[in-house]
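Asker: Have a look at this one.
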Amino acid sequence: MTQTLILVSADTESGDEAKEDSAIGSLKLNSFDPNDIEFDLYTSSNPNIPIRLFPDNITAISSANFLTSCPLKYILHGYDADASNFWWTEMKDEYLKAGSYNIILVNWSKLCDKSDISVIPNTYIVAKYGAEIINGLIRAGVLNVTMGLHIIGHDIGAHAASLTANLAGSGKVSRITGLDPAKIVFGKFGDDFRLDFTDAPMVDVIHTDGGVTGFLETRGTIDFFPNGGKIQPGCLVHGCNHFRALDLFIESISNPTAFKACKCSSYEDYKKKKCRCNEITYMGEFASPTSSPGSYFLQTNSFPPYNKPS
Ligand SMILES: [Ca+2]
Numbered sequence: 001m002t003q004t005l006i007l008v009s010a011d012t013e014s015g016d017e018a019k020e021d022s023a024i025g026s027l028k029l030n031s032f033d034p035n036d037i038e039f040d041l042y043t044s045s046n047p048n049i050p051i052r053l054f055p056d057n058i059t060a061i062s063s064a065n066f067l068t069s070c071p072l073k074y075i076l077h078g079y080d081a082d083a084s085n086f087w088w089t090e091m092k093d094e095y096l097k098a099g100s101y102n103i104i105l106v107n108w109s110k111l112c113d114k115s116d117i118s119v120i121p122n123t124y125i126v127a128k129y130g131a132e133i134i135n136g137l138i139r140a141g142v143l144n145v146t147m148g149l150h151i152i153g154h155d156i157g158a159h160a161a162s163l164t165a166n167l168a169g170s171g172k173v174s175r176i177t178g179l180d181p182a183k184i185v186f187g188k189f190g191d192d193f194r195l196d197f198t199d200a201p202m203v204d205v206i207h208t209d210g211g212v213t214g215f216l217e218t219r220g221t222i223d224f225f226p227n228g229g230k231i232q233p234g235c236l237v238h239g240c241n242h243f244r245a246l247d248l249f250i251e252s253i254s255n256p257t258a259f260k261a262c263k264c265s266s267y268e269d270y271k272k273k274k275c276r277c278n279e280i281t282y283m284g285e286f287a288s289p290t291s292s293p294g295s296y297f298l299q300t301n302s303f304p305p306y307n308k309p310s
């Protein structure tokens, strides 16, 4: 059966009728080979050799060595990236050094090798199969969502994270972390297709190339703007800014207080010390789910370690 996605513009009013009126086009879901998406599970028992998970094979999921009493970190890369990228392995390794986690790395590089409108249906496809994996793990009795189901996505992976959470169903995903969510292509579509604060109880976003590759506008329940969120120290090109969100998040996994951030109305006010900074939280893995919603600012170093004592 052919499926289509109705694309709706970003300034759509709420309500189905309004959405229908403002539909700006539809896209047929692309045909693809399901094996083009790889869902690989790692735990402390198998830190280097993954167990491949298949959406349509519950037996394989049940037999996987899943740590039922531990959280799940479900990680999505972005455009033009895949499992061979250094950050991917580094993030997984940092988690497994820091504690007991289930880590699923989703390699969907074959579906996101184009930075154009065709990536939107592909984002939906990886989310659809990801939601089947999540619900399969729940049905198999191995994933206990009360331990924490956290989806982390970089670039367009942040939007795939939001779709995964919505397709999995409410009450499953407790947190989404968007690492410089892609504005390219996704800037003009409505929040049904992209990350926003309604997609999970906690949506924390790190903006590092805001206004170009990524969003400068707030997207989450708490938004972090290191160095103002647009230009990162030590970076000369946008790609460096865009990937800095990953470096900062990875560093935070082993250093919970690395990135103390101050709630403020703007970076200019933050720099002029106009904010009292009586509302703080820590950017990265240890951002508090009870943080006051809003925008948080901090400064970082140009090179690792990036944490800069304030
Ligand atoms: Ca959304």
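Following UniProt numbering, the numbering of the sequence shown begins with 1 at its first residue and continues without gaps.
Where is the CB? At the ideal position from N, CA and C, for every residue including glycine.
As the structure is a prediction and not an experimental result, all values here were calculated from the model.
Would you give the residue range spanned by the beta strand (DSSP E) that Met202 belongs to?
Answerer: Run containing Met202: 202 to 206, per the beta strand (DSSP E) assignment.
Asker: What three-state label does DSSP hand Glu38 in the structure shown?
Answerer: The answer is strand: DSSP assigns Glu38 an E or B state.
Asker: DSSP on Ala245, reduced to helix/strand/coil?
Answerer: Helix.
Asker: Taking the alpha-carbon positions, what's the Thr281 to Phe32 distance?
Answerer: Rounded to whole angstroms, Thr281 to Phe32 spans 42 Å at the Cα level.
Asker: Thinking Pro34 and Tyr129 are a contact (beta carbons under 8 Å), I'd like their distance in whole angstroms, please.
Answerer: The pair is a contact, with the Cβ atoms about 7 Å apart (cut-off 8 Å).
Asker: Between Leu76 and Ala64, is the Cβ-Cβ spacing less than 8 Å?
Answerer: No; because the gap between Cβ atoms is not below 8 Å, this pair is not in contact.
Asker: Pop quiz: Phe259 and Ser252 are said to be a contact at Cβ under 8 Å. What is the actual Cβ separation, rounded to whole angstroms?
Answerer: At roughly 6 Å, the Cβ-Cβ gap stays under 8 Å, so Phe259 and Ser252 are in contact.
Asker: With 16 as the cutoff for other CB atoms within 10 Å, does Pro304 come out buried or exposed?
Answerer: Burial call: exposed.
Asker: Nearer than 7 Å: is that true of the beta carbon of Thr221 relative to any heavy atom of ligand 3?
Answerer: No copy of ligand 3 appears in this structure; the ligands present are ligand 1.
Asker: What number of angstroms, rounded off, separates the C-alpha of Lys274 from the C-alpha of Thr300?
Answerer: Using only the alpha carbons, I get a separation of about 19 Å.
Asker: Taking only three categories from DSSP, how would you classify Ala140?
Answerer: Coil at Ala140, not helix or strand.
Asker: Return the first residue and the last residue of the alpha helix (DSSP H) that Gly157 is part of.
Answerer: Element bounds for Gly157: 156 to 168.
Asker: Which residues bound the beta strand (DSSP E) around Lys73?
Answerer: Note, Lys73: beta strand (DSSP E), 72 to 76.
Asker: Under 7 Å: does the beta carbon of Asp36 sit that close to some heavy atom of ligand 1?
Answerer: For ligand 1, not one heavy atom lies less than 7 Å from the Cβ of Asp36.
Asker: Between the beta-carbon of Asp192 and the beta-carbon of Ile176, is there less than 8 Å?
Answerer: Not a contact, by the Cβ cut-off of 8 Å.
Asker: Which same chain residues, not among the five before or five after Tyr270, have their C-beta less than 7 Å away from its C-beta?
Answerer: Closer than 7 Å at Cβ, skipping near neighbours: Cys262, Cys264, Phe297.
Asker: Compute every distance between the C-beta of Ser100 and the non-hydrogen atoms of ligand 1, then say whether any falls below 7 Å.
Answerer: Not so, every heavy atom of ligand 1 lies at least 7 Å from the Cβ.
Asker: Name, in chain order, the residues that DSSP records as bridge partners for Ser291.
Answerer: Partner(s): none; Ser291 has no beta bridge.
Asker: Classify Tyr306 as helix, strand or coil using the three-state DSSP reduction.
Answerer: It is coil, neither helix nor strand.
Asker: Which term fits Asn107, buried or exposed, when burial requires 16 or more other beta carbons within 10 angstroms of its beta carbon?
Answerer: When all chains shown are included, Asn107 counts as buried.
Asker: Along the chain, where does the alpha helix (DSSP H) containing Leu96 start, and where does it finish?
Answerer: Here the alpha helix (DSSP H) through Leu96 covers 86 to 98.
Asker: Measuring CA to CA, which of Tyr124, Pro55, Leu72 is closest to Leu29?
Answerer: Closest option to Leu29, Cα to Cα, is Tyr124.
Asker: DSSP state of Tyr79, grouped into three classes?
Answerer: Tyr79 falls in the coil class under three-state DSSP.
Asker: How is Pro181 classed by DSSP in three states: helix, strand or coil?
Answerer: Pro181 falls in the coil class under three-state DSSP.
Asker: Looking at the structure shown, is Thr300 part of a helix, part of a strand, or coil, going by DSSP?
Answerer: Note: Thr300 maps to strand in three-state DSSP.
Asker: Does the Cβ of Ala98 have 16 or more other Cβ atoms within 10 Å, making it buried, or fewer, making it exposed?
Answerer: Exposed: under 16 other Cβ atoms inside 10 Å.
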